[in-house]
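There are 2 protein chains.
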Amino acid sequence: MTQLEKARRGVMTEEMRFAAAAECCEAQTILDGVAAGRIVIPSNVNGELTEPRAIGAGLKTKVNANIGASQDYPDVDEELAKLTTALEAGADAVMDLSTGGDVAAIRREIRAGCPVPLGTVPIYEAAVRVIAERGSVVDLTADDLFSVIESQAREGVDFMTLHCGVTRESVARLQKQGRLTDVVSRGGAFLVCWMLGNESENPLYTRYDDILEIAREHDVTLSLGDGLRPGSLADATDRAQVQELIILGELVKRARAAGVQAMVEGPGHVPLDQIAANVMLQKRLCEGAPFYVLGPIVTDVAPGYDHITSAIGGALAAMAGADFLCYVTPSEHLGLPTVEDVREGVIAARIAGHAADVAKGVRGAMDWDCRMSSARKARDWAKQVELAIDPVRAGAVREKRSAGDEDVCSMCSSFCAMKIVEEYLGSPAQAASAPPSLPTKVAQPKQAE
Amino acid sequence: MTQLEKARRGVMTEEMRFAAAAECCEAQTILDGVAAGRIVIPSNVNGELTEPRAIGAGLKTKVNANIGASQDYPDVDEELAKLTTALEAGADAVMDLSTGGDVAAIRREIRAGCPVPLGTVPIYEAAVRVIAERGSVVDLTADDLFSVIESQAREGVDFMTLHCGVTRESVARLQKQGRLTDVVSRGGAFLVCWMLGNESENPLYTRYDDILEIAREHDVTLSLGDGLRPGSLADATDRAQVQELIILGELVKRARAAGVQAMVEGPGHVPLDQIAANVMLQKRLCEGAPFYVLGPIVTDVAPGYDHITSAIGGALAAMAGADFLCYVTPSEHLGLPTVEDVREGVIAARIAGHAADVAKGVRGAMDWDCRMSSARKARDWAKQVELAIDPVRAGAVREKRSAGDEDVCSMCSSFCAMKIVEEYLGSPAQAASAPPSLPTKVAQPKQAE
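Respectively, the protein sequence lines represent chains A and B.
When you read off a place in the first sequence, starting at 1, and then add 26, the result is the number in this note's numbering.
When you read off a place in the second sequence, starting at 1, and then add 26, the result is the number in this note's numbering.
What follows is the structure, encoded as structure tokens:
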């Protein structure tokens with residue numbers, strides 16, 4: 027049985043208990059959310075995740091790190107180093123998007139080293155193989171594709187991006203729409219080429235029941251991919267994107283009926299003022315399914331800084347209700363990320379998620395900020411470094427720009443505002459005896475719909 | 027006469043024309059905004075700014091870079107290198123916040139090398155001098171302070187942060203409020219100590235008419251400082267902060283009546299969900315005066331990454347109507363920024379401002395993104411690097427992770443989505459003959475109130 031089927035029967039799983047402990051909430055809250063389809067726990071029955079994660083409504087915003095070799099950089103060791111770095115930096119999930127080297131072997135090595143949920147995009151392995159063997163993705167057969175989906179499910183992949191909403195209907199809308207950047211999803215591009223080349227419907231759509239059967243057997247969480255996501259601000263929230271989302275909403279419903287966990291992927295490149303509407307639309311059209319956004323990045327003009335453009339978009343999306351942020355690294359749009367890029371990407375996405383969690387009143391989020399600010403007021407530098415989202419970086423910066431007086435920092439030196447007002451407004455110790463009224467917004471997870 | 031007085035008389039200045047050309051708008055639009063006090067053009071009559079900037083409603087969001095020596099790092103050469111870097115990275119204004127070394131001499135060197143508006147916080151020079159000479163900021167006299175304000179005005183400072191709203195009334199509210207981090211503004215802290223130590227009202231408030239006289243004579247734009255801004259999420263939007271803002275609104279009105287240009291400074295540390303409300307409040311209480319926000323940063327827990335926490339907050343603030351973003355560097359809360367930190371800070375703030383400009387429909391903003399996305403679709407890599415907000419960084423990342431096939435990048439290599447769909451969806455050349463319907467939101471500046 028899947029986590030969803032168990033939840034519906036009221037069976038509390040180890041994964042639910044583990045997730046509840048991490049969220050500091052009642053396990054029943056997790057169970058109820060899973061039963062309703064508003065929370066997913068990607069955890070393949072063939073795997074042995076030591077750190078499962080619950081993703082969805084009312085919970086801490088989660089962060090995914092994409093790793094994986096490309097044809098230009100097919101080195102498995104570099105990808106394993108990225109895995110280690112992503113985990114150290116606090117990624118909640120990892121996707122192996124390899125399209126270079128021995129794709130299946132790399133995935134197995136990453137799986138073996140990954141205690142958190144692992145995701146893949148099975149069409150990559152299928153397409154890479156058929157292009158190598160037969161020259162074109164158009165020569166792929168549906169059986170080739172389903173054989174990869176099944177083998178990856180057997181080998182313990184926890185969630186799979188499947189672009190089931192790239193259908194004749196949504197592709198026709200895309201063609202009518204006219205776009206600046208057409209299709210920027212690799213999986214989506216493979217499928218569009220296949221469909222137009224073969225004049226056939228997407229097998230991930232026609233044989234969706236077969237997908238559900240495999241997913242149910244192994245408890246693979248579907249991550250319904252947005253193959254037609256916008257790849258530029260100009261294409262955001264257009265008819266092709268929304269058409270695909272409507273179809274994904276229908277597929278969420280069918281997944282739930284089959285006892286299969288499902289989440290939905292979202293854009294992409296989205297202007298700031300369209301982000302909240304995109305989240306609302308997904309939540310409505312997909313009946314509250316967890317929303318996994320790829321960024322979104324809020325301007326096209328900052329290659330080299332897309333960890334920042336996506337942190338801006340991700341924070342806004344998560345505040346509006348997105349549940350799961352796919353990081354973007356500084357190398358996006360330019361090349362395969364390095365190990366250092368992975369670290370920057372994870373931290374930037376975690377900052378975005380945490381800022382949103384404070385705004386949403388997620389349990390415990392604001393408390394972290396209050397502890398940091400108390401340490402700052404007390405000029406307890408060791409504590410500040412310890413509490414930092416990246417203690418290594420915080421410690422290094424302080425050391426690099428050290429102050430002669432260790433009680434302050436080198437920006438204000440002896441003119442430290444917090445220090446000089448103490449004489450007149452009282453010290454932290456005095457303040458402790460008459461504590462300031464802290465915000466009371468240490469909230470409950472969102473109410474069930 | 028000040029820019030404001032000239033605007034009211036319908037006199038079109040060179041500065042208005044220069045600003046209009048940079049904004050691609052009619053000079054009359056700038057003149058009208060200045061006359062109404064919704065736009066300021068900081069440009070001291072004793073200076074010779076070669077690149078004046080207009081800041082305010084309907085215009086491109088501007089970015090300020092804080093530089094300046096501290097007691098721990100009093101080296102003028104490093105500060106001049108930061109000035110060069112800030113300008114290269116695209117800062118619209120620079121503030122010299124020196125509190126170390128020969129403060130007056132450093133300011134003169136920065137002034138000489140700065141073609142864009144230069145701002146200062148005069149109480150720094152006054153406090154540093156009196157603490158050195160007499161031991162405590164409490165020994166400062168009002169005349170000491172006004173003498174520094176006047177000398178800096180004579181020497182061509184374009185805008186000055188003056189914490190005129192730190193009054194007995196607002197400080198009493200602060201004491202009643204109780205805060206986690208009390209006062210984090212250096213200028214605010216000096217004044218609170220002075221006021222409580224001398225049991226006297228803030229001379230910047232009692233002698234505000236004297237400030238207006240100096241500002242009018244030299245056309246110094248007042249940047250009404252928020253000395254009681256929150257220094258932690260827990261303190262955001264509290265009664266002390268809002269009390270000060272109410273007073274600043276009254277002072278804006280008096281400045282306008284005296285023909286003096288004024289903008290208002292804002293927080294600080296603000297949770298994501300309070301940012302839009304903070305901007306609305308400032309615009310209402312201060313009658314549409316330009317809003318100059320210091321960040322805001324959206325979480326306290328990320329020292330080492332506050333260029334990112336402030337880019338998130340700055341983007342949201344600017345989308346809500348903030349006009350001028352003070353950058354925050356990765357060194358914030360840890361030490362005096364390095365030259366490289368200055369570059370990171372300026373670029374992050376420019377990303378935030380531009381993302382907001384797209385969302386607000388500022389003239390020409392979206393066009394930049396469309397040109398970049400067209401270059402991306404065409405895989406014109408030279409053009410992408412040229413159009414990047416930081417061409418040096420973009421070029422370096424691409425070179426570091428180069429692809430064997432120069433037509434693509436090393437992330438997707440031969441599986442480049444945009445390339446493979448061309449065969450089926452048409453090439454950019456074909457698309458050009460049937461252009462996609464681009465967004466029409468190339469908007470006019472906001473209407474006058």
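In this text, a Cβ means the ideal position worked out from N, Cα and C, and glycines have one as well.
Please read all numbers here as calculations on a predicted model, not as lab measurements.
Let me know the beta strand (DSSP E) ranges lying completely inside the stretch 67 to 93 of chain A, each 3 residues or longer, listed in chain order. 88 to 93
To the nearest whole angstrom, what separates the beta carbons of residue 116 of chain A and residue 388 of chain A, a pair I think is in contact under 8 angstroms? Within the first sequence, the letter at position 90 stands for residue 116 of chain A. Within the first sequence, the letter at position 362 stands for residue 388 of chain A. With a Cβ gap of about 16 angstroms, residue 116 of chain A and residue 388 of chain A do not count as contacting.
Going by Cα to Cα distance, which pick from B:392, B:425 and B:393 is closest to residue 408 of chain B? To locate residue 408 of chain B, count along the second sequence from 1; it is residue 382. For residue 408 of chain B, the nearest C-alpha among the options comes from B:425.
Residue 55 of chain A: contacting residues in chain B (beta-carbon distance under 9 angstroms): Position 29 of the first sequence, counting from 1, holds the residue named residue 55 of chain A. The premise fails here: residue 55 of chain A is roughly 22 angstroms from chain B at the closest Cβ pair, so nothing lies under 9 angstroms.
By the DSSP assignment, the alpha helix (DSSP H) with residue 395 of chain B in it spans what residues? For the purposes of this step, residue 395 of chain B is identified with residue 369 of the second sequence, where counting begins at 1. 391 to 403 is the span of the alpha helix (DSSP H), which, as asked, contains residue 395 of chain B.
Return helix, strand or coil for residue 295 of chain A, following the three-state DSSP convention. As a position in the first sequence, residue 295 of chain A is number 269, starting the count at 1. Strand at residue 295 of chain A.
Residues of chain A with CB under 7 angstroms from residue 97 of chain B, in chain order? Taking the second sequence and counting its residues from 1, the one referred to as residue 97 of chain B is at position 71. Result: 439 and 440.
Simplified DSSP assignment, three categories, for residue 249 of chain A: Your numbering for residue 249 of chain A matches position 223 in the first sequence. Note: residue 249 of chain A maps to strand in three-state DSSP.
Beta-carbon proximity of residue 322 of chain B to residue 346 of chain B, cut-off 8 angstroms: Start at 1 with the first residue of the second sequence, and residue 322 of chain B comes out as number 296. Start at 1 with the first residue of the second sequence, and residue 346 of chain B comes out as number 320. No.
Could you confirm whether any beta carbon from chain A is found closer than 8 angstroms to the beta carbon of residue 423 of chain B? For the purposes of this step, residue 423 of chain B is taken as the residue at position 397 of the second sequence. Chain A contact via Cβ: present.
Residue 362 of chain B, DSSP secondary structure in three states: Mapped onto the second sequence, residue 362 of chain B falls at position 336. Looking at residue 362 of chain B - three-state DSSP - the assignment turns out to be coil, as it is neither helix nor strand.
Taking residue 390 of chain B as the reference, give the member of B:51, B:33 and B:32 with the closest Cα. Here residue 390 of chain B is taken as the residue at index 364 of the second sequence, counted from 1. Residue 390 of chain B has its Cα closest to that of B:51, out of B:51, B:33 and B:32.
What does residue 331 of chain B touch in chain A if you count any residue whose Cβ is under 8 angstroms from its own? Within the second sequence, residue 331 of chain B is the residue found at index 305, counting from 1. Those within 8 angstroms of residue 331 of chain B in chain A are 373, 374, 377, 415, 416 and 419.
Excluding the 5 residues preceding and the 5 following residue 434 of chain B in the sequence, name in chain order all residues of the same chain whose CB lies nearer than 8 angstroms to its CB. Start at 1 with the first residue of the second sequence, and residue 434 of chain B comes out as number 408. Closer than 8 angstroms at Cβ, skipping near neighbours: 405, 440, 442 and 445.
I'd like to check one pair, residue 189 of chain B with residue 253 of chain B: are the Cβ atoms closer than 8 angstroms? Position 227 of the second sequence, counting from 1, holds the residue named residue 253 of chain B. Position 163 of the second sequence, counting from 1, holds the residue named residue 189 of chain B. Against a cut-off of 8 angstroms, the Cβ pair of residue 189 of chain B and residue 253 of chain B comes out as a contact.
Cα-Cα, which of B:48, B:332, B:392 and B:49 is closest to residue 414 of chain A? Within the first sequence, residue 414 of chain A is the residue found at index 388, counting from 1. For residue 414 of chain A, the nearest C-alpha among the options comes from B:332.
Range of the contiguous alpha helix (DSSP H) that encloses residue 281 of chain B: As a position in the second sequence, residue 281 of chain B is number 255, starting the count at 1. Taken as a continuous stretch (DSSP letters only), the alpha helix (DSSP H) holding residue 281 of chain B covers 265 to 283.
CA-to-CA distance, residue 207 of chain A to residue 400 of chain B, given in whole angstroms: Here the question's residue 400 of chain B lines up with position 374 in the second sequence. Here the question's residue 207 of chain A lines up with position 181 in the first sequence. One C-alpha to the other measures close to 7 angstroms.
In terms of alpha-carbon separation, which member of A:384, A:423, A:352 and A:286 lies closest to residue 85 of chain A? Within the first sequence, residue 85 of chain A is the residue found at index 59, counting from 1. Looking at the Cα atoms, A:384 is the closest of the given residues.
With H, G and I counted as helix, E and B as strand and the rest as coil, what does DSSP make of residue 12 of chain A? Outside the shown range of chain A (27 to 475) lies residue 12 of chain A, about which nothing can therefore be said.
What residues from chain A crowd round residue 410 of chain B, counting only those whose CB sits closer than 8 angstroms? Reading the second sequence from its first residue, position 384 is the one you call residue 410 of chain B. Neighbours of residue 410 of chain B on chain A, chain order: 329 and 359.
Establish whether the CB of residue 136 of chain B and some CB of chain A are separated by less than 8 angstroms. The count along the second sequence starts at 1 and reaches residue 136 of chain B at position 110. No - not a single Cβ of chain A is within 8 angstroms of the one on residue 136 of chain B.
Taking DSSP as the reference, what is the three-state secondary structure of residue 157 of chain A? As a working mapping, residue 157 of chain A is identified with position 131 in the first sequence. Residue 157 of chain A: helix per DSSP, three-state reduction.
From what residue to what residue does the alpha helix (DSSP H) around residue 219 of chain B run? Residue mapping note: residue 219 of chain B aligns to position 193 of the second sequence, counting from 1. Segment 212 to 224, the alpha helix (DSSP H) holding residue 219 of chain B.
Taking all protein chains shown into account, decide if residue 418 of chain A is buried (16 or more other Cβ within 10 angstroms of its Cβ) or exposed. As a position in the first sequence, residue 418 of chain A is number 392, starting the count at 1. So residue 418 of chain A ends up on the exposed side.
Whole-angstrom distance between residue 143 of chain B and residue 76 of chain B, CA atom to CA atom: Counting from 1 along the second sequence, the entry for residue 76 of chain B is found at position 50. Counting from 1 along the second sequence, the entry for residue 143 of chain B is found at position 117. Distance between the alpha carbons of residue 76 of chain B and residue 143 of chain B: 9 angstroms.
Closer than 7 angstroms at the beta carbon, the chain A residues around residue 380 of chain B: Looking up residue 380 of chain B in the second sequence gives position 354. Result: 325 and 327.
Nearest chain B C-beta to residue 299 of chain A closer than 8 angstroms, yes or no? As a working mapping, residue 299 of chain A is identified with position 273 in the first sequence. Yes, residue 299 of chain A counts as interfacial toward chain B.
Looking at chain B, is there any beta carbon in it that lies within less than 8 angstroms of the beta carbon of residue 427 of chain A? On the first sequence, position 401 is the one that residue 427 of chain A refers to. Closer than 8 angstroms: yes.
Taking C-alpha atoms, which residue in A:159, A:410 and A:80 lies nearest to residue 63 of chain A? Taking the first sequence and counting its residues from 1, one reaches residue 63 of chain A at position 37. When only C-alpha atoms are compared, the closest one is A:80.
Closer than 8 angstroms, Cβ to any Cβ of chain B: which residues of the stretch 119 to 134 of chain A, in chain order? 125 and 126
Along the stretch 217 to 239 of chain B, what residues have a CB closer than 9 angstroms to any CB found in chain A? 218, 219, 221, 222 and 223
When the distance is taken between beta carbons, is residue 174 of chain A closer than 8 angstroms to residue 158 of chain A? Here residue 158 of chain A corresponds to residue number 132 of the first sequence, with the count starting at 1. Here residue 174 of chain A corresponds to residue number 148 of the first sequence, with the count starting at 1. Result no, Cβ atoms of residue 158 of chain A and residue 174 of chain A do not sit closer than 8 angstroms.
Mapping the DSSP letters down to three states, classify residue 306 of chain B as helix, strand or coil. Against the second sequence, residue 306 of chain B aligns to sequence position 280. Three-state DSSP puts residue 306 of chain B in a helix.
For the stretch 149 to 211 of chain B, which segments carrying the beta strand (DSSP E) assignment without a break, of at least 3 residues, lie completely within its bounds, in sequence order? 185 to 188
On the three-state DSSP scale, how would you describe residue 123 of chain A? Position 97 of the first sequence, counted from the first residue, corresponds to residue 123 of chain A. Correct three-state label for residue 123 of chain A: coil.
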